[in-house]
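Residue numbers for the sequence shown follow our numbering, so the first one is 29 and each next one is one higher. No residue lacks a Cβ here, since even glycine has one placed at the ideal position from N, Cα and C. A short write-up of the structure that comes next.
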Amino acid sequence: MFKIVQYSVYVLLLLCVSCAKQQHSSHSAVSCAFSADSAYAYIAQQVSFGARVPGTEAHQACGDWLINKLAHHGAQVRSQHGTMINYAGEVQPIRNIEAYFEGNTMYAILLCAHWDCRPWSDEEENYDDRFRPVLGANDGASGVGVTLEILRQLSIRKDRGEFVPSVKIVFFDCEDMGTPNHYTGKDRENTWCLGSQYWAKEYKKAISNSKPSVCKCQYGILLDMVGAPSATFPREYFSVNYAGSYVELLWRTASRLGFGRYFINQTVYPITDDHYYINTIAGIPCVDIIDYKTNSSTGFAEWWHTQQDNMQHINKQTLQAVGQTVLTTICSK
Ligand SMILES: [Zn+2]
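Shown next as structure tokens:
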């Protein structure tokens, strides 16, 4: 997924302060209990469909399963269909999956992840394997699985009459269709994150038309590659720049819960991920929780965009750290 934006001056920009309003305190009593076992099962279920590459049966079947699962936990759900132009200049159909879970707040918190798989394992050493799709246990399914489990917990809390925030969930399509390494055609910009670009434009249009049916989002949290063993989540530059107060809130919550070894206090290069378009097009301050390694040549785990992105590299302790941190943060008043 995505590319790292190498801004040599990014350090200077760390001085930027987000204007996002902070409306939470971190001291509320919280009774949310995220289940890593459940999140793991949701990830395994997605992977069991096969690689969810747009246009395939696995993609269609998994999308339908996601719709049912979201509705089962009490959300209003729809598929958002559209088209974008892909890396090769072709029309690319998009199927984003959007859900709204009504809670006790007027504005919703946006929880998002991408649900598609990369059609090529173009970081593979073996040449032939580069043209096989990525199974996407971590790169895709992990963020979706953690989000589904958060929704399940919210629905339990709501049934008990406890406070729950209103939540908008979006699973983006075609995040991982960015220009493959083997492509020799004309270079294009913005070839990653096609689904979130489409969603962000539609959201902006709807908000500016003041459609009463559109639920406004206060801020967003993007989960990307949140299931690997020994994952680390540094503070990513765009997140700090556009949604700094929410980065603070999340990382402080993680530390308080004992997950400081995952949510590390290091700021890293900008990463062009779905949150970039949510911040810049939709205008929603959005944080990216993404596993990033400064000591890796790609910035990511060694199985990133390879045939090895499978269930063997999904770790329940990491899922717990991410899921509990996000759930506790959003359930705090
Ligand atoms: Zn990817």
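Could you spell out the range, first to last residue, of the beta strand (DSSP E) harbouring residue i?
i, result
"K214", "Careful: K214 lies outside any beta strand (DSSP E) and carries neither H nor E."
"H142", "136-142"
"T111", "104-113"
"N124", "119-129"
"V198", "195-200"
What residues in its chain sit with their C-beta under 6 angstroms from that of residue i, if we drop five residues either side in the sequence?
i, result
"Q50", "Confidence at Q50 is low in this model, with a pLDDT of 32, below 50, so its placement is unreliable and the value that follows should be read with caution. For Q50, where only same-chain residues beyond five positions count, the Cβ hits under 6 angstroms are S273."
"P161", "A79, V81, C145, P147"
"P208", "W148, D150"
"G255", "N166, S170, I342, T346, L347"
"N237", "none"
To which residues of the same chain is residue i closer than 8 angstroms at the C-beta, ignoring the five residues directly before and after it?
i, result
"F191", "G131, N132, R185, C359, K361"
"Y38", "For Y38, the pLDDT reaches just 39, beneath the cut-off of 50, and the residue's location in the model is therefore unreliable, although a value from the coordinates is still provided. Same-chain partners within the cutoff: Y265, Y297, P298."
"S53", "The predicted position of S53 is uncertain, since its pLDDT is 38 and thus under 50; a value taken from the coordinates is nonetheless stated next. So the list reads S360, K361, once near-sequence residues are dropped."
"A116", "Y211, G213"
"L278", "I249, F291, V315, I317, T353, V354, T357"
"V75", "L163, G164, A165, A169, N338, M339"
If you count every other CB in all the chains shown that lies within 10 Å of the CB of residue i, and 16 or more means buried, which is it?
i, result
"A127", "buried"
"Q345", "exposed"
"R180", "buried"
"G206", "buried"
"K233", "exposed"
"T353", "buried"
"E152", "buried"
"H55", "Note that H55 scores 39 on pLDDT, short of 50, meaning its location in the model is unreliable; the coordinates nonetheless yield the value given after this. H55 is exposed by the Cβ-count criterion."
"A69", "exposed"
"R123", "buried"
"G286", "exposed"
"H303", "buried"
"F291", "buried"
"I91", "Note on residue identity: the sequence assigns Gly, not Ile, to residue 91. The residue is buried, with at least 16 neighbouring Cβ atoms inside 10 Å."
"Q246", "buried"
"Y155", "exposed"
"A349", "buried"
"S324", "exposed"
"N293", "exposed"
"T111", "exposed"
"C44", "At C44 the pLDDT is 28, less than 50, meaning the model places this residue with poor confidence; the figure from the coordinates comes in the next sentence. Per the 10 Å Cβ criterion, exposed."
Take residue i and list the residues in its own chain whose beta-carbon comes closer than 7 angstroms to its own, dropping the five residues that flank it on each side.
i, result
"G351", "F62, A64, A67, V174, E177, I178"
"I113", "V119, Q120"
"K229", "I309"
"S267", "V275, H303, V315, D316"
"W332", "E151, D167, T326"
"A72", "M339"
"A86", "F77, G78, A79, R80"
"V312", "The sequence given here has Ile at residue 312, not Val. Cβ neighbours of I312 beyond the five flanking positions: L138, C245, Y247, G248, I306."
"D201", "P82, I122, R123, N124, W143, D144, G223"
"F159", "W148"
"Y231", "A310"
"A103", "A127, Y128, F129, L179, I197"
"T84", "none"
"R106", "E126"
Name the two residues that bound the continuous alpha helix (DSSP H) containing residue i.
i, result
"V357", "A small correction: the amino acid at residue 357 is Thr; Val does not occupy that position in the sequence shown. Its alpha helix (DSSP H) spans residues 344-359."
"R284", "265-284"
"Y247", "First-last for Y247: 245-252, but that is the beta strand (DSSP E), not the alpha helix (DSSP H)."
"C90", "85-100"
"I312", "That residue, I312, is in no alpha helix (DSSP H); it is neither H nor E in DSSP."
"Y226", "222-236"
"Q181", "170-187"
"I71", "64-76"
"D302", "302-305"
Specify whether the segment 214-234 and the segment 164-175 touch according to this definition: at least 3 beta carbon pairs, one from each stretch, less than 8 angstroms apart. no
Pair every Cβ in the segment 93-100 with every Cβ in the segment 204-221, then say whether three or more of these pairs are closer than 8 angstroms. no
Pairing CB atoms from the segment 257-265 with CB atoms from the segment 312-319, are three or more of them under 8 angstroms? yes
Cβ contact (3+ pairs, closer than 8 angstroms) linking the segment 242-251 and the segment 320-337: no
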